[in-house]
Amino acid sequence: MPVKCRKCQSAKAEVIIPYARLSLCPNCFSEFYVSRIKKTVKEFNMFNENDIVGVAVSGGKDSMALIYALRQAYPKLKVKALHINLGIPEYSAHCQTKVEALTKSLNVDLHIFDLKSKLGFSIDEFKKTVHGGKICSVCGTIKRHVFEELACSHGVNVLATGHNMNDILAFMFKNFLYGKWDQLVRLKPVLPPLAEAMPRKVKPLLRSPENENLLYCLHNEIPFREKNCPFSSEIKGRKYQKAIEAMVPYNPHFLHQLLNRFLEIIPLLEDKLTKPALMRCKQCGFPSSSEICAYCRRISLIKMGKID
Ligand SMILES: [Zn+2]
Ligand SMILES: [Zn+2]
């Protein structure tokens, strides 16, 4: 006999949540998933109904699940979708199609920054620069800057990203291992605006495990990208994630415990760290710890290459 859902006691249980000792039907799972996001938003005071929340959507399962769930959780909240087309052949067009399909069905405004038409180059051109071996890190720098720019130009005061619990923990663990305390602190659930008129950055999926984002997409027929970025290396990029996930079979609460301990030490670390003095980048005017920000330095590399 099939196992019945623990919540509604009627439908067939299809999703097992070991750490919560729950077996749920797809509907009750979706409710469970959305209510955890609402709790997380409240716990860290991420936004309220007066805010305009921009969701950085890549087309991946996490950010697509996030924007869908935010619509379910807060039907009256002003939500905008922000997307960057990185100009990676095939991959970027594929991602954009998925984002367009979802935002259209959710009736959410979509603002796209097309790297190639706005800046004159695509992310793969960094292959030819000194950053060629670290394309994901350059891409991260570019995306962080462009999302802030998109947020500023579309009146978004809260920028929500789809970082899931496993991602965040892997970054935290890596930074912990190498003693990169300033980077570890940047992973906190809410980052205040860097300067006036800039968005606060929030991570509503902080407590959402990666596999549940996927299940939420599948059970709600949320479109998401099926292609992988040709530049991301599965093995290299996920080794820290695999290391921490290896503990889960021995202790289903492991990820949650680890996250809670990190969240406890972040404020203590923050107190000890000296904050870098921020100035304005001479080129783009964004707050930066150096005269020319990391984004502008990287952009100029490509531009210099183009003049030659
Ligand atoms: Zn149920
Ligand atoms: Zn700059």
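Quick note on numbering: the sequence shown equals residues 4 to 311 in the numbering used here.
We treat Cβ as the ideally placed atom computed from N, Cα and C, and that holds for glycine.
Three-state secondary structure (DSSP) of residue i
i, result
"F116", "strand"
"S291", "strand"
"S95", "helix"
"K15", "strand"
"S235", "coil"
"S33", "helix"
"S26", "strand"
"K245", "helix"
"K230", "coil"
"K7", "strand"
Member of the options whose CA lies at the smallest distance from the CA of residue i
i, options, result
"V44", "K278, I302, P207 and E128", "P207"
"M67", "C31, A249, F116 and V111", "V111"
"K64", "K7, M250, N167 and Y94", "N167"
"K119", "K79, T100, I91 and M4", "I91"
"P279", "V161, C299, L304 and R189", "R189"
"K242", "N169, I87 and N53", "N169"
"L218", "L69, C287 and L262", "L69"
"P233", "I225, N51, P78 and L89", "L89"
"F116", "E93, L197 and R147", "R147"
"P202", "E152, E229 and P192", "E152"
"L271", "Y253, K191 and K177", "K191"
"E294", "R301, L281 and N216", "L281"
"R74", "N223, L261 and T100", "N223"
"E93", "N263, T106 and K230", "K230"
Residue range of the unbroken beta strand (DSSP E) whose run includes residue i
i, result
"N88", "K81 to N88"
The segment 128 to 141 / the segment 31 to 42 touching (three or more Cβ pairs under 8 angstroms): The segment 128 to 141 vs the segment 31 to 42: no contact.
Beta strand (DSSP E) runs wholly inside the segment 153 to 225, at least 3 long, in chain order: The segment 153 to 225 contains these whole beta strand (DSSP E) runs: 161 to 163 and 203 to 205.
Would you check if there are 3 or more beta carbon pairs closer than 8 angstroms linking the segment 125 to 133 to the segment 24 to 35? Here the segment 125 to 133 makes no contact with the segment 24 to 35; the two share fewer than three CB pairs at distances below 8 angstroms.
Minimum length 4: unbroken alpha helix (DSSP H) runs contained in the segment 249 to 310: Unbroken alpha helix (DSSP H) stretches of 4 residues or longer found wholly inside the segment 249 to 310: 257 to 275 and 297 to 310, given in chain order.
May I have a chain-ordered list of the beta strand (DSSP E) segments no shorter than 3 residues that lie completely inside the segment 43 to 73? Qualifying beta strand (DSSP E) stretches, in chain order: 55 to 59.
If we count Cβ pairs, one from each stretch, closer than 8 angstroms, do we get three or more for the segment 184 to 194 versus the segment 7 to 17? No, because fewer than three Cβ pairs between the segment 184 to 194 and the segment 7 to 17 fall closer than 8 angstroms, the two stretches do not touch.
Does the segment 156 to 167 come close enough to the segment 55 to 62 to have 3 or more Cβ pairs within less than 8 angstroms? Flag = yes, the segment 156 to 167 and the segment 55 to 62 touch.
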